[in-house]
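Counted the way mature numbering (1 follows the signal peptide of the UniProt record, and there is no 0) counts, the sequence shown spans residues -20 to -1, 1 to 181. Think of the CB as a built atom: it goes at the ideal place given N, C-alpha and C, for glycine as much as any other residue. Bear in mind that the values here come from a model prediction, so they are computed numbers and not experimental data.
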Amino acid sequence: MKRLFCTAAMAALTLSGAAAQEGSNLDEGAADARAAEDGALEEEEQASSSPTYSQEQMATLRALDKITGRSVDFEIEVGEPIVFGVLEIDLKVCFQTPPEEPPESAAFLQIMEADYVETNTLTEPRLASEVRAEMRATGAPDESPSVTESEDEPAGPLFSGWMFASTPGLSALEHPVYDVWVIRCRQPSPDSLSSPVVPDE
């Protein structure tokens, strides 16, 4: 009798152990399923939270003359460099988020020191091609003496990189006189002029 009772007890323990193991396997499976579901939800949230950009052909920039404290907003097209003061600004590419997303503009700019004579007198942004043509028409040399002296070592850009409208201080031009930052990107309107103008607000 005692033997029968021990055998029954052992069988019960074995069954309960198997059931417990099966239960733990089910718990692990459920936990794995929950983790996979959570991972998929996180990926979905990241995909929905990361902004989508559309490539635009024009950017509105703001330039500040730190000496006079005067700032001017102007528009620049991709591939049409602008001269402002002693700076030649070239927009390589510009991206804008759609209206339904948080506003952000990202522009890749290359800013060089303009090598034209008397560019310090330019108080309004002008197309670099117009400035060069004007210099040739007046018979003035295209390059200043400071540039011709160092012909073997051409000066690199003052700035070459991305600028973001939401964080202008993150990637900024370092210049003692001028400051430039991005306001927004957009497509040019059909009736846009060929020279930089103050943008419509």
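- Beta-bridge analysis with DSSP links Ala39 to Ile56 and Cys165.
- Taking C-beta separations shorter than 8 Å and ignoring five residues to either side along the sequence, the partners of Glu36 in its chain run Cys74, Phe75, Gln76, Cys165, Arg166 and Gln167, following chain order.
- The region 43 to 58 and the region 141 to 151 do not touch, with fewer than 3 CB-CB distances between them shorter than 8 Å.
- DSSP, read as helix, strand or coil, puts Val73 in strand.
- Using a Cβ distance threshold of 9 Å, Ala39 and Ser109 do not count as a contacting pair.
- For Ala87, the enclosing beta strand (DSSP E) begins and ends at Ser85 to Glu93.
- Under the DSSP definition of a beta bridge, Ile47 lacks any partner.
- One Cα belongs to Phe139, the other to Ser34, and the distance between them is close to 24 Å.
- The secondary-structure analysis by DSSP pairs Ser140 across a beta bridge with Gln90.
- Non-local beta-carbon contacts of Glu81 in its own chain, meaning distances under 6 Å to residues more than five positions away in sequence, involve Pro31 in chain order.
- Shortest Cα-Cα distance from Gly136 to any of Leu150, Asp159, Ala94 and Ser151 involves Ala94.
- The C-beta distance from Ile56 to Leu71 rounds to 5 Å, short enough to fall under 8 Å.
- The DSSP-derived three-state label of Ser30 is coil.
- Secondary structure of Glu68 (DSSP, three-state): strand.
- Rounded to whole angstroms, the gap between the alpha carbons of Asp159 and Arg116 is 28 Å.
- DSSP, read as helix, strand or coil, puts Val111 in helix.
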